[in-house]
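Reading through the structure tokens given below for one structure.
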Amino acid sequence: MCGIVGYVGPRPSQEILLSGLARLEYRGYDSAGIAVIDGQGDLGMRKRAGKLSVLRDDLASHPLADGTTGIGHTRWATHGGPTDENAHPHLADDDKLAVIHNGIIENFAELKAELESAGYAFRSQTDTEVAAVLLGREYAASGDLVDAFRATVTRLEGAFTLLAMHRDQPGLVVGARRNSPLVIGLGEGENFLGSDVAAFVEHTRHALAIGQDQIVAITPEGVEVTDFHGAVVEVEPFEVTWDAAAADKGGWRSFMAKEVAEEPEAVANTLLGRIRNGVVEIPELDGLDDLFAGITRMVVIAAGTAAYASDGHVGKYAIEQWTRVPVEVELAHEFRYRDPVLTPETLVISISQSGETMDTLMAVKYAREHGAKTLSICNTQGATIPRESDAIVYTHAGPEVAVASTKAFVAQITALYLLGLHIARIRGALSPSEISQSVRELEAIPAKIRKVLDTETEHIAQLSHWMADTRSVLFLGRHVGYPIALEGALKLKEITYIHAEGFAAGELKHGPIALIEPGQPVFVIVPSPRESALLHAKVVSNIEEIRARGARVIAIAEEGDVAVLPKADEVLRIPLAGPLFEPLLAVVPLHLFAMGLAEAKGLDVDQPRNLAKSVTVE
Ligand code: F6R
Numbered sequence: 119m120c121g122i123v124g125y126v127g128p129r130p131s132q133e134i135l136l137s138g139l140a141r142l143e144y145r146g147y148d149s150a151g152i153a154v155i156d157g158q159g160d161l162g163m164r165k166r167a168g169k170l171s172v173l174r175d176d177l178a179s180h181p182l183a184d185g186t187t188g189i190g191h192t193r194w195a196t197h198g199g200p201t202d203e204n205a206h207p208h209l210a211d212d213d214k215l216a217v218i219h220n221g222i223i224e225n226f227a228e229l230k231a232e233l234e235s236a237g238y239a240f241r242s243q244t245d246t247e248v249a250a251v252l253l254g255r256e257y258a259a260s261g262d263l264v265d266a267f268r269a270t271v272t273r274l275e276g277a278f279t280l281l282a283m284h285r286d287q288p289g290l291v292v293g294a295r296r297n298s299p300l301v302i303g304l305g306e307g308e309n310f311l312g313s314d315v316a317a318f319v320e321h322t323r324h325a326l327a328i329g330q331d332q333i334v335a336i337t338p339e340g341v342e343v344t345d346f347h348g349a350v351v352e353v354e355p356f357e358v359t360w361d362a363a364a365a366d367k368g369g370w371r372s373f374m375a376k377e378v379a380e381e382p383e384a385v386a387n388t389l390l391g392r393i394r395n396g397v398v399e400i401p402e403l404d405g406l407d408d409l410f411a412g413i414t415r416m417v418v419i420a421a422g423t424a425a426y427a428s429d430g431h432v433g434k435y436a437i438e439q440w441t442r443v444p445v446e447v448e449l450a451h452e453f454r455y456r457d458p459v460l461t462p463e464t465l466v467i468s469i470s471q472s473g474e475t476m477d478t479l480m481a482v483k484y485a486r487e488h489g490a491k492t493l494s495i496c497n498t499q500g501a502t503i504p505r506e507s508d509a510i511v512y513t514h515a516g517p518e519v520a521v522a523s524t525k526a527f528v529a530q531i532t533a534l535y536l537l538g539l540h541i542a543r544i545r546g547a548l549s550p551s552e553i554s555q556s557v558r559e560l561e562a563i564p565a566k567i568r569k570v571l572d573t574e575t576e577h578i579a580q581l582s583h584w585m586a587d588t589r590s591v592l593f594l595g596r597h598v599g600y601p602i603a604l605e606g607a608l609k610l611k612e613i614t615y616i617h618a619e620g621f622a623a624g625e626l627k628h629g630p631i632a633l634i635e636p637g638q639p640v641f642v643i644v645p646s647p648r649e650s651a652l653l654h655a656k657v658v659s660n661i662e663e664i665r666a667r668g669a670r671v672i673a674i675a676e677e678g679d680v681a682v683l684p685k686a687d688e689v690l691r692i693p694l695a696g697p698l699f700e701p702l703l704a705v706v707p708l709h710l711f712a713m714g715l716a717e718a719k720g721l722d723v724d725q726p727r728n729l730a731k732s733v734t735v736e
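Each residue of the sequence shown is one higher than the last, beginning at 119 in this note's numbering.
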């Protein structure tokens, strides 16, 4: 939540900041602002409520003097509503100092009271301005921005990434992080800071990931990282593996449309380099067999799409079946606060596209502190959650910009499956031929997703158009179809703002069937009749039950399943796949449907209201 960018170098910084913010806008889009130290050594600042385009238009009509040192921010409001005043940057020290912030400063009220009683005044309702004023006071005392910054951040509690610059020290931007993301981009005679690499990837792919409770000072000539006590620390360099074009819309009408279309590649790229002669070997896990050998239990933790809406559950069914190790799935924010039983034999697997979700990060730290082993599945290099984990398996979905997660979701299931097969091999729970059969299924998935996209996109667009005025949609599934029903409902709520709920089809008669009234649309994920005749028959009976009460049934069924034809009003087809692999196909029509309905309603599919992509506050 909140996107942050900083620049020092020889070039005018405004456009660099604005294009960095455009790439970070998915992190928050209720207001935006920049501050620049101009050629005269003056600090100029502009900030506006609304999307980044409002700021851009304002700067176009009332230009700000440009300069080569600058910071920029795109906001998702926590303290104080989305107004011009509450937007960042916040100024202090007679407007010579500018500060931007991501996170929540938990002790801001007491700090504010202290500063107010010392005579300082505030212009906003934000916790950020408190940090700015505190920093201004420290700067007035020391005259050195890095020293003042250190004295300030050590007084802050909570989660924060802070960036600051001072008119009297042009060519310097300082940053600090605690439980909130910050990465460094290394250029030639110029350097960058960003919430993630998207902020600067069009300028450099050389990056440094800084650790918790560290401070970075960037100048055109170099970068220095110290801890909160001033000791210099070595930081890990890494190369960004994708280029700026990957995070562009590239001619698509929306990022979501592009990212749904990229689902086949997201799976294919996640498999790449991890399968050798039909055997799963994940290079990142080389030498880590001990991590898996003695475990007696696995707990998958995540939030939102990555958990509640299903990956965790889909993964549970597969990993438990393959490894014969019990797997539990839990929402990260519930897990963290309920005193879970954790032992050195517990492997806690976290799943996060961004690698920054605060709920998940806190749960991972908690698990480690309480003796469990931790492994993270993550899509973002340099992110915090992998750095806090004992092991990491990256998904290679490429940058996901639309707030609603789509391609990352299929990549996460793919990575979980690879992990399950990897653990099953190490523990000898599956024979080589069983493993290679699952590997063949996985390898066939990208082409099958492509087929769903090729054959159903138009059909679903029409369906969405007809359903544009629908006020409620239900989703039903059994076994691995159940979490897909949850995902279908979440995606619909998130981007169309209509009532949507997913149920295990078996639950229907225990309550939810009361919701069915004539014309109620219900998506039903129908299991394969070849692979699971029993489950198929049960779901067909569920369809009969809701049809008898007037439901309008849209079935997602495999090719050749003729039994559903007379029972459903619409049938969306998916290619044949083994039961554990069907979710990777069945979810695609649901992503297309949510997007189609949002478009039919004229909504912004990439930036739905009230949301931000990376939830970096608890
Ligand atoms: C839904 C969605 C969210 C995220 C959740 C976790 O479409 O995108 O529910 O899945 O906020 O985010 P990550 O995976 O970044 O931890």
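Where a beta carbon is used, it is the ideal one built from N, C-alpha and C, also for glycine.
Which class does residue i belong to by DSSP, given the choice of helix, strand or coil?
i	result
H208	strand
E275	coil
Q580	helix
A501	coil
M374	helix
L703	helix
V735	coil
D245	helix
A294	strand
I672	strand
Y600	helix
A427	Residue placement at A427 cannot be trusted, given a pLDDT of 45 that sits under 50; the coordinates are not used to answer.
E256	helix
Our contact map puts residue i next to residue j with C-beta atoms below 8 Å; I'd like the distance itself, whole angstroms only.
i	j	result
T279	L253	Not quite, the Cβ-Cβ distance comes to about 14 Å (not below 8 Å), so this is no contact.
V644	D679	6 Å
A712	H583	So it is not a contact: roughly 14 Å between Cβ atoms.
A425	I419	7 Å
M480	R454	5 Å
V126	T186	7 Å
L229	V248	5 Å
A681	P647	6 Å
Rounded to whole angstroms, what's the CA-CA distance from residue i to residue j? Just pull it up for me.
i	j	result
M416	E399	20 Å
F267	V341	16 Å
A427	L604	Summary for A427: the model assigns pLDDT 45, below 50, so the residue's position carries little reliability; its value from the coordinates is reported in the next sentence. For A427 and L604, the distance between alpha carbons rounds to 5 Å.
E474	I503	6 Å
L581	Y512	35 Å
L653	L715	30 Å
L626	I661	10 Å
K737	A250	Nothing can be reported for residue 737: it is not among the residues displayed for the chain, which extend from 119 to 736.
L534	S556	13 Å
L304	A183	25 Å
P636	K656	22 Å
P355	D508	19 Å
R392	A623	35 Å
Y615	I567	27 Å
V378	V706	8 Å
G329	E518	23 Å
P693	L708	15 Å
A666	D572	33 Å
R486	D407	18 Å
T337	R285	14 Å
K569	K376	16 Å
I'd like the span of the beta strand (DSSP E) that includes residue i, first residue to last.
i	result
K165	161-167
G595	590-595
I544	Note, I544: premise wrong, no beta strand (DSSP E); alpha helix (DSSP H) at 525-545.
S494	491-496
H654	Here H654 belongs to no beta strand (DSSP E); instead the alpha helix (DSSP H) covers 651-665.
R145	Neither: R145 is in no beta strand (DSSP E) and is coded neither H nor E.
E619	617-622
So which of the options has the shortest CA-CA distance to residue i?
i	options	result
K685	I692, G668, L694, P693	G668
A335	F356, E402, G396, G289	G289
G72	E224, R129, F310	No information on residue 72 is available, as it lies outside the stretch 119 to 736 that the chain covers here.
T478	P462, I495, L594, T359	I495
I672	L683, V689, R665	V689
R241	L209, V570, L229	L209
D148	P128, E448, G121	G121
State the start and end residues of the unbroken alpha helix (DSSP H) segment that holds residue i.
i	result
A481	476-487
T388	381-389
R415	It is not in any alpha helix (DSSP H) - R415 instead sits in the beta strand (DSSP E) that spans 415-420.
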